[in-house]
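Below: one structure, written as structure tokens.
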Amino acid sequence: QVSELVQFLLVKDQKKIPIKRADMLKNIIREYRNAYSEIVKRADRTLQEVFGLQLVEVDTKRHIYILINNLPHAEGQHLCRGKEKEKMGLLLVILSFIFMKGNSVKDSALWEFLHLLRVYPGKQHSVFGDVRKLVTEEFVRQKYLETTPIPLTDPPEFKFQWGPRAEKETSKRDVLNFVAKMQGKDPAFGATQFSEAEANT
Amino acid sequence: NNLMAAQMTNAHRRFLQVLMSNGITEGSEARKLHQHCCETDKVYYAHDKLDDFISTINSHLQPLFMQIRKGISEDDGRAHYAVVNLAETEVTKMASDYTEIELELFRKTMDLIILSENGFASSTDILNLADQLKTKKMKKKEAEQVLKVFVEDKWLSEKNGEYTLHTRCIIEMEQYILSNYQDVARKCNICHSLAIQSQVCESCGIGMHLPCVRKYFRGQTEPRCPKCNEFWSCDTP
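Chains as they are written, first to last, in the working numbering: chain A, 6 to 206; chain B, 9 to 245.
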């Protein structure tokens, strides 16, 4: 049972889909419902020991879990497939911006900032494609970002904050290093770095 | 083998994570990755100990019915590594990524490929299949798109409008294919692994991988079948 649960979790995690406790119970545990918490505990231990991943509950009310990477972040990590590296780069920029602005930004402010990096919500980006979708849907679904509507706004405005996965996976040190690199520099400097990186991909 | 299973370190875990996220990893990439992981996690590194490194991981994967398996590409003879699930009795690895109808198309394509002489199925034949699917008929345009995705995801590979199984697919599904296509699936006479693309002896019918043929007949002016000793009729690659 433990190995089946581990498989199930690995497959879900491959797509960064958060896992609901109800799904775990339904798909795997069946007859062993009473031993549920023991099985989950053992699965988590196996995931940590063998894969360096950890099962973390990010929503205690609705019992939603994600697998986070326990391994210390490495420079030049080959972990990223396809466009993942670039997406993570963009995400780090966004997380840093949110962090610098006191952990919460209005969506309009975020888009204004990304304009400096020549990333526009309306335009197809050569690397990221539909950026609006990436930021407001994909990053949110994967729990890297959280977006909440600002009450009493018309047209409706949203605010962006760090999501639970970002909280658990991204070390504040990564962000501080990144911010330090950018600090005191003309925001256009960041834009140059970014578009140089773009030009090289 | 009476060595005690070595401990997993973060280097092993990192290696495993990357292998899983790659789907399939070529030999030289795997060696580079081995070095990178050992250096990053400050673990003892010996460049010729990749097999031992992998064995350690495998000993911990065994209770989970998983394994890092090495397979040889039928095209260039190079080694590739993939993480396979030994408990799967059918194409369940793909089951979570594709719809029912796409899976049916894949299974039927695999039939065509395995039953063929040369290990390839033409795009025309596959598109005709799409029309006859039980689940629901698939339009040609749709089928073409699905085939493209299968190639991108490395289940199939395409050459000149013909499709064969990708090395990744062969590594991951070798057991499944050998048990489900017992009478039809060919095994290479030299290395005894599953052979999808092969050269076949006209006299006695044994098959060999092209890279295996190349190695076996190297330097021989008169290539002869290793089993029946008749002249080898195919062009040696």
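Yeah, the Cβ is synthetic: ideal placement off N, Cα and C, and Gly gets one too.
From a predicted model like this one, the values you see are computed outputs, not experimental measurements.
| query | result |
| --- | --- |
| Within-8 Å CB hit, B:Ser-104 to chain A | yes |
| Segment contact flag, the stretch 111 to 123 of chain B with the stretch 137 to 156 of chain B, C-beta cutoff 8 Å, min 3 pairs | yes |
| Outcome for A:Val-18 when other beta-carbon atoms lying within 10 angstroms are tallied against a minimum of 16 | Note that residue 18 of chain A is Asp in the sequence shown here, rather than Val. It counts as buried. |
| Within chain A, the residues that B:Gln-68 reaches when beta carbons sit closer than 8 Å | According to the sequence displayed, residue 68 of chain B carries His and not Gln. Correct list: Glu-54 and Val-55. |
| Per-residue burial, A:His-120 [other beta carbons within 10 Å of its own, 16 or more giving buried] | exposed |
| Nearest candidate by alpha-carbon position, reference B:Asp-133, set B:Tyr-171, B:Lys-144, B:Met-102 and B:Lys-156 | B:Tyr-171 |
| Bounding residues of the beta strand (DSSP E) (the contiguous stretch that carries B:Ser-165) | 164 to 167 |
| Residues, ordered as in the chain, of the stretch 223 to 239 of chain B that lie near chain A by beta-carbon distance below 8 Å | none |
| Reference A:Val-38, options A:Val-7, A:Ser-131 and A:Glu-62, closest by Cα | It is Arg, not Val, that sits at residue 38 of chain A in the sequence shown. Cα-wise, what sits closest to A:Arg-38 is A:Val-7. |
| A:Leu-76: contacting residues in chain B (beta-carbon distance under 9 Å) | Asn-18, Arg-21, Arg-22, Gln-25, Thr-48 and Asp-49 |
| Chain-order list of residues whose beta-carbon lies under 6 Å from that of B:Cys-45 (same chain, five-residue window excluded) | Ala-19, Arg-22 and Phe-23 |
| 7 Å Cβ shell around B:Asp-49 - same chain, five flanking residues per side excluded | Thr-17, Asn-18, Ala-19 and Arg-22 |
| C-beta neighbour in chain A for B:Phe-2, strict 8 Å | Given that chain B is displayed from residue 9 to residue 245, the structure contains no residue 2 of chain B and the question cannot be resolved. |
| Within chain A, partners of B:Asn-93 - CB distance below 9 Å | Gln-12 |
| Residue of B:His-55, B:Leu-120 and B:Leu-218 minimising C-alpha distance to B:Gly-85 | B:Leu-218 |
| CA nearest to the CA of A:His-68, picked from A:Leu-52, A:Val-45 and A:Glu-54 | A:Val-45 |
| At least 3 beta-carbon pairs within less than 8 Å: the stretch 23 to 43 of chain B vs the stretch 97 to 113 of chain A | no |
| Contact under 8 Å by Cβ, A:Lys-173 with A:Pro-23 | no |
| As assigned by DSSP and simplified to three states, the class of B:Cys-199 | coil |
| Continuous alpha helix (DSSP H) stretch holding B:Asp-60: start and end | 58 to 69 |
| Cβ-Cβ distance between B:Gln-207 and B:Gly-215 below 8 Å | yes |
| Backbone CA spacing between A:Tyr-41 and A:Leu-58 [nearest angstrom] | 20 Å |
| The stretch 109 to 116 of chain A contacting the stretch 158 to 168 of chain A, beta-carbon criterion three pairs below 8 Å | yes |
| Coil, strand or helix - B:Met-102 by DSSP | helix |
| Beta-carbon neighbours of A:Val-16, restricted to chain B and to distances below 7 Å | Ser-104 |
| One or two residues paired with A:Pro-126 in a DSSP bridge | Its beta-bridge partners do not exist; DSSP assigns none. |
| is_contact[A:Ser-101, chain B] using C-beta, thresh 8 Å | no |
| Per-residue DSSP class, three states only, for B:Asn-188 | helix |
| Three-state secondary structure assigned by DSSP to A:Pro-192 | Because A:Pro-192 sits at a pLDDT of 47, beneath the cut-off of 50, its placement in the model cannot be relied upon, and the point is left open. |
| A:Ser-8 at chain B interface by Cβ criterion, 8 Å | yes |
| Bridge partners - B:Gln-207, DSSP secondary structure assignment | B:Met-216 |
| Which listed residue (A:Glu-91, A:Glu-9 and A:Asp-64) has its alpha carbon closest to that of B:Gln-70 | A:Glu-9 |
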